[in-house]
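To start, the structure itself, in structure tokens.
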Amino acid sequence: MKLIVTGADGQLGSELQKTLDKHDVYPVDIEELDITDFEEVKLQVADFRPEIIFHAAAFTDVDGAELNPDMAYKVNAIGTQNLAVAARAVGAAILYISTDFVFDGSKATPYNEFDSVNPLSVYGRSKLAGERFIQTLTNYFYICRTAWLYGEGGHNFVKTMLKLGAEGQPVRVVDDQIGSPTSAADLAAIVTEVGLSGRFGVYHTTNAGETSWHGFAKKIFELSDMTVDLQPIKTDQMERPATRPPFSVMRSLALELQGLKGMRSWEEALADYLGV
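If you count by our numbering, then the sequence shown holds residues 316 to 591, one letter each, in order.
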């Protein structure tokens, strides 16, 4: 099967290349394909003629999106629009990676795929715009929402905590934002399963369970046998441009209803990532 993976050099894209290695994969990142260039997208997709586009490329700097909203919308909305149009032209399906930030965090129970969206930030709104382009412009689509991603490539919370913990100084982390840490390797596995299933629709794809960023950091240090002065703080003590949802835990209801196996616990996935 011929497949395109965008964002191929990122945490998820690099893992997708492993899980899709039995197929004819054309991995692209910004150097190979600028998704904001409509003519180039149309040309390359028409030339390769994929059966599925796994669209993992995104502008993911949440605070940076508040400071440069035009760029966030250009990449996350217009870039996705371009790929959706190109996919439709060749009859390809498209799988779009979205985010828990499409929700406002006002619920007290996990969000499922049928809950209403209400993003609080430019990042969340730009990703939701991408979802809507996918839904309106393509005939065959998957939307996989995920959260709190970490993996081998790029920067992530786990790497940051390990670095800060090794410096021997107090580490302050918010304890009033609740979500589900998600392994890029685990996400790639479920995204591959969903994307090759033919069961089009919206899916929530995070590791099971929930914690705060503080709880996440505590588990990282615990599994790494590091003694760190970890101090809880509140979100309002952090001066950040973007508003975060206080509760963005997602239930994988669509996976359950489709009879697909859900993802393992975030603690088990983290232990594997840390090699313990």
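For glycine and all other residues, C-beta sits at the position ideal for the given N, C-alpha and C.
Inset, instruction - Using 10 angstroms around the beta-carbon of P485, count the other beta-carbons present and answer buried if the total reaches 16, otherwise exposed. - result: Around the Cβ of P485, a 10 Å sphere holds fewer than 16 other Cβ atoms; the residue is exposed.
Inset, instruction - Could you please give the first and the last residue of the uninterrupted alpha helix (DSSP H) stretch that includes T451? - result: 437-452 is the extent of the alpha helix (DSSP H) around T451.
Legend entry - Buried versus exposed, by CB contacts within 10 Å (16 or more), A462: Counting C-beta atoms within 10 angstroms of its own C-beta, A462 has 16 or more neighbours from the protein chains shown and is therefore classed as buried.
Legend entry - Sequence-distant residues of its chain with Cβ nearer than 6 Å to A380 (five each side left out): Correct list, in chain order: A387, V437, Y438.
Legend entry - Separation of L443 from R555, as counted between CA atoms: Each residue's Cα considered, the two are about 21 Å apart.
Legend entry - Assigned exposure category for G590 - 16 Cβ within 10 Å defines buried: So G590 ends up on the exposed side.
Inset, instruction - Give the single residue among R460, T375, G325, Y465 whose Cα lies nearest to the Cα of F418. - result: Distances from the CA of F418 to each of R460, T375, G325, Y465 were compared; the closest alpha carbon is that of R460.
Legend entry - Residues near L641 by beta carbon distance below 8 Å, same chain, minus five either side: Because the chain is modelled from 316 through 591, residue 641 falls outside the range shown and cannot be assessed.
Legend entry - Own chain partners of A371 with C-beta closer than 7 Å, once the 5 adjacent residues on each side are dropped: The beta carbon of A371 sits closer than 7 Å to the beta carbons of V320, T321, G322, G325, L327, G328, L331, I412 from its chain, once the five residues preceding and following it are set aside; these are given in chain order.
Inset, instruction - Report yes if the C-beta of V543 is less than 7 Å from at least one heavy atom of the ligand GTP; otherwise report no. - result: Within the structure as shown, the ligand GTP is missing, as the structure has no ligands at all.
Legend entry - Y457 beta carbon less than 8 Å from that of V509: Taking 8 Å as the Cβ cut-off, V509 and Y457 qualify as a contacting pair.
Inset, instruction - Output yes or no for whether 8 Å exceeds the beta carbon distance between G489 and K534. - result: First, the residue type needs correcting, since residue 489 is Val and not Gly in the sequence shown. For the pair V489 and K534, the CB atoms are not nearer than the 8 Å cut-off.
Inset, instruction - Assign L511 to one of three DSSP states: helix, strand, or coil. - result: L511 carries a coil assignment under DSSP once its states are collapsed to helix, strand and coil.
Inset, instruction - Leaving aside the five residues before and after D378 along the sequence, list all residues of the same chain whose C-beta is less than 8 Å from its C-beta, in chain order. - result: Counting only Cβ-Cβ distances below 8 Å, and skipping sequence neighbours, we find R555, P556, A557.
Legend entry - Terminal residues of the alpha helix (DSSP H) in which H529 lies: 528-538 is the span of the alpha helix (DSSP H), which, as asked, contains H529.
Legend entry - Residue(s) in a DSSP beta bridge with Y426: When DSSP reads this structure, Y426 sits in a beta bridge with M565.
Inset, instruction - Work out the CA separation of R566 and E525 for me, nearest whole Å. - result: CA-CA distance, E525 to R566, rounds to 10 Å.
Legend entry - Those residues which DSSP pairs with H370 across a bridge: According to DSSP, H370 bridges with T321, Y411.
Legend entry - Residues near F448 in its chain [Cβ-Cβ closer than 6 Å; skip 5 each side]: Excluding positions up to five away in sequence, the list reads T395, Q396, A399.
Inset, instruction - May I have the straight-line CA-CA distance separating F353 from R440, to the nearest angstrom? - result: F353 and R440 have their C-alpha atoms some 21 Å from each other.
Inset, instruction - Drop a sphere of 10 angstroms on the beta-carbon of T414, count the other beta-carbons inside from all chains shown, and report buried for 16 or more, exposed for fewer. - result: Label assigned to T414: buried.
Inset, instruction - Please check the pair V564 and G494, which I expect to be a contact at CB under 8 Å, by giving their CB distance rounded to whole angstroms. - result: Taking the Cβ atoms as the reference, V564 lies roughly 6 Å from G494, within the contact range of under 8 Å.
Inset, instruction - Would you mind reading off the limits of the alpha helix (DSSP H) that contains L545? - result: For L545, there is no enclosing alpha helix (DSSP H); the residue is found in the beta strand (DSSP E) stretching over 545-548.
Inset, instruction - Return the CA-CA distance between A584 and A392, expressed in angstroms with no decimal places. - result: Between A584 and A392, the C-alpha separation is close to 31 Å.
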